[in-house]
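See structure below.
In this note's numbering, the protein residues as written are 523 to 778.
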């Protein structure tokens with residue numbers, strides 16, 4: 523049986539008053555198959571509204587893993603999982619949008635979630651939090667739903683140009699920010715040496731990918747070892763001047 527372990531670290535950063543990021547890690551063994559679920563959400567909005575938005579989304583997805591998604595995963599019903607996740611996101615988007623409109627406090631959250639079941643994974647994304655696969659190199663699984671990513675992909679701007687554009691951090695999709703939402707889904711095979719990283723933009727924005735790969739070749743076979751390394755990477759981000767909230771989850775495979 524393929525087994526997973528995970529650890530995380532989150533920090534409000536050097537300038538923010540509160541941490542609007544939320545996360546959850548859940549693990550279960552059912553009918554001889556280990557399941558690992560992880561989610562990060564990056565809340566946006568005034569005062570505590572972003573914190574509330576991210577927390578609500580994480581809570582709904584965590585509850586769904588226990589009540590429905592784990593059973594679907596054991597049955598290898600990946601399309602069923604996608605349909606359920608899509609329904610949750612659409613319903614959450616409507617509730618958050620209506621609440622923010624009524625209260626006069628726009629609110630929303632980016633979302634990245636992954637479910638690993640045996641040697642398969644399925645992931646979902648809204649916004650610009652990211653999921654990476656880590657082997658001897660770093661591969662970004664998700665695609666940012668942001669002005670910057672769209673401008674570069676469409677050929678309208680170079681990476682250098684978009685880095686100077688004031689719209690570079692603008693999201694094109696966000697749970698709760700508008701009347702509609704368009705999540706993207708990803709699915710694939712988990713290799714024997716694959717590890718996974720989920721993180722908010724406060725983590726990846728200033729991260730050196732080469733240094734990240736080198737750092738994470740270190741021994742990380744327990745949750746405590748993972749957490750210590752996550753702490754070091756977050757501290758490095760703040761030393762480089764990152765001012766946003768910073769959250770990262772790392773998923774490792776146990777040696778058999």
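Every residue, glycine too, gets a C-beta built ideally from N, C-alpha and C. Since this is a predicted model, take the numbers as computed values, not measurements.
Contacts around residue 580, its chain only, beta-carbon distance under 7 Å, and the 5 residues preceding and following it disregarded: Within the chain shown, the letter at position 58 stands for residue 580. Around residue 580: 544, 545, 546, 561 and 563.
Specify, as a first and last residue, the run of the alpha helix (DSSP H) that residue 581 falls within. As a working mapping, residue 581 is identified with position 59 in the chain shown. Looking at the DSSP string, the run of the alpha helix (DSSP H) that includes residue 581 is 571–586.
Find out if the Cβ-Cβ distance for the pair residue 829, residue 776 is shorter than 8 Å. Residue 829 falls outside the range modelled here, since the chain spans only 523 to 778, and no answer is possible.
How big is the Cα-Cα spacing for residue 694 and residue 746? In the chain shown, residue 694 corresponds to position 172, counting from 1. In the chain shown, residue 746 corresponds to position 224, counting from 1. About 36 Å.
Roughly how many angstroms lie between the CA atoms of residue 774 and residue 651, to the nearest whole one? Sequence index remark: in the chain shown, residue 774 carries index 252 (1-based). Sequence index remark: in the chain shown, residue 651 carries index 129 (1-based). Answer to the nearest angstrom: the Cα atoms are 19 Å apart.
Would residue 709 and residue 644 be called neighbours here (beta carbons separated by less than 8 Å)? Locating residue 709 in the chain shown gives position 187, where the first residue counts as 1. Locating residue 644 in the chain shown gives position 122, where the first residue counts as 1. Their beta carbons are under 8 Å apart, which means residue 709 touches residue 644 by this criterion.
Quick one: using the 10 Å Cβ neighbour count with 16 as the cut-off for buried, is residue 536 buried or exposed? What you label residue 536 is simply residue 14 of the chain shown in a count that begins at 1. Residue 536 should be labelled exposed.
Are residue 630 and residue 566 close, meaning C-beta to C-beta below 8 Å? Reading the chain shown from its first residue, position 108 is the one you call residue 630. Reading the chain shown from its first residue, position 44 is the one you call residue 566. Against a cut-off of 8 Å, the Cβ pair of residue 566 and residue 630 comes out as a contact.
For the beta strand (DSSP E) that residue 774 lies in, which residues bound it at each end? Within the chain shown, numbered from 1, the residue matching residue 774 stands at position 252. Counting along the chain, the beta strand (DSSP E) containing residue 774 begins and ends at 768–775.
If you draw a straight line from the C-alpha of residue 705 to the C-alpha of residue 754, how long is it? Mapped onto the chain shown, residue 705 falls at position 183. Mapped onto the chain shown, residue 754 falls at position 232. Roughly 32 Å separates the two Cα atoms.
Tell me whether residue 620 sits in a helix, a strand or coil according to DSSP, three-state version. By 1-based counting over the chain shown, the position of residue 620 is 98. Three-state DSSP puts residue 620 in a helix.
Within 10 angstroms of its Cβ, does residue 744 collect 16 or more other Cβ (buried), or is it exposed? Residue numbering aside, residue 744 sits at position 222 when the chain shown is read from its first letter. So residue 744 counts as exposed.
For residue 634, list the residues DSSP reports as bridge partners. Residue 634 sits at position 112 when you count from the first residue of the chain shown. Its beta-bridge partners are 562 and 647.
Buried or exposed: where does residue 628 fall if 16 or more other Cβ atoms within 10 Å of its Cβ makes it buried? Residue mapping note: residue 628 aligns to position 106 of the chain shown, counting from 1. The residue is buried, with at least 16 neighbouring Cβ atoms inside 10 Å.
Can you check whether the CB of residue 698 is closer than 8 Å to the CB of residue 610? Looking up residue 610 in the chain shown gives position 88. Looking up residue 698 in the chain shown gives position 176. Taking 8 Å as the Cβ cut-off, residue 610 and residue 698 do not qualify as a contacting pair.
Alpha-carbon spacing of residue 701 relative to residue 646, whole angstroms: For this step, residue 701 is matched to residue 179 along the chain shown. For this step, residue 646 is matched to residue 124 along the chain shown. Cα-Cα distance, rounded: 19 Å.
Counted within 10 angstroms of its Cβ, other Cβ atoms place residue 742 as buried (16 or more) or exposed: Locating residue 742 in the chain shown gives position 220, where the first residue counts as 1. Counting Cβ neighbours within 10 Å, residue 742 comes out buried, since at least 16 surround it.
Suppose the cutoff is 7 Å on Cβ atoms and the five residues either side in sequence are ignored; what does the same chain contact list for residue 587 look like? Here residue 587 refers to the residue found at position 65 of the chain shown. Within the same chain, Cβ atoms closer than 7 Å to the Cβ of residue 587 are found at 548 and 559, the five residues on either side in sequence being excluded.
The beta strand (DSSP E) enclosing residue 703, as first and last residue numbers: Taking the first residue of the chain shown as position 1, residue 703 is located at position 181. From DSSP, residue 703 is part of no beta strand (DSSP E); its letter is neither H nor E.
Using only the alpha-carbon positions, how far apart do residue 594 and residue 682 sit? On the chain shown, residue 594 is found 72 positions in, with the first residue counted as 1. On the chain shown, residue 682 is found 160 positions in, with the first residue counted as 1. Going by the C-alpha atoms only, they are around 44 Å apart.
Looking at residue 606 and residue 616, is the spacing between their C-beta atoms short of 8 Å? Here the question's residue 616 lines up with position 94 in the chain shown. Here the question's residue 606 lines up with position 84 in the chain shown. For residue 616 and residue 606, no; Cβs fall outside 8 Å.
Within the continuous beta strand (DSSP E) that includes residue 548, where are the two ends? Against the chain shown, residue 548 aligns to sequence position 26. Looking at the DSSP string, the run of the beta strand (DSSP E) that includes residue 548 is 543–552.
At which residues does the beta strand (DSSP E) containing residue 662 begin and terminate? Here residue 662 refers to the residue found at position 140 of the chain shown. Run containing residue 662: 660–662, per the beta strand (DSSP E) assignment.
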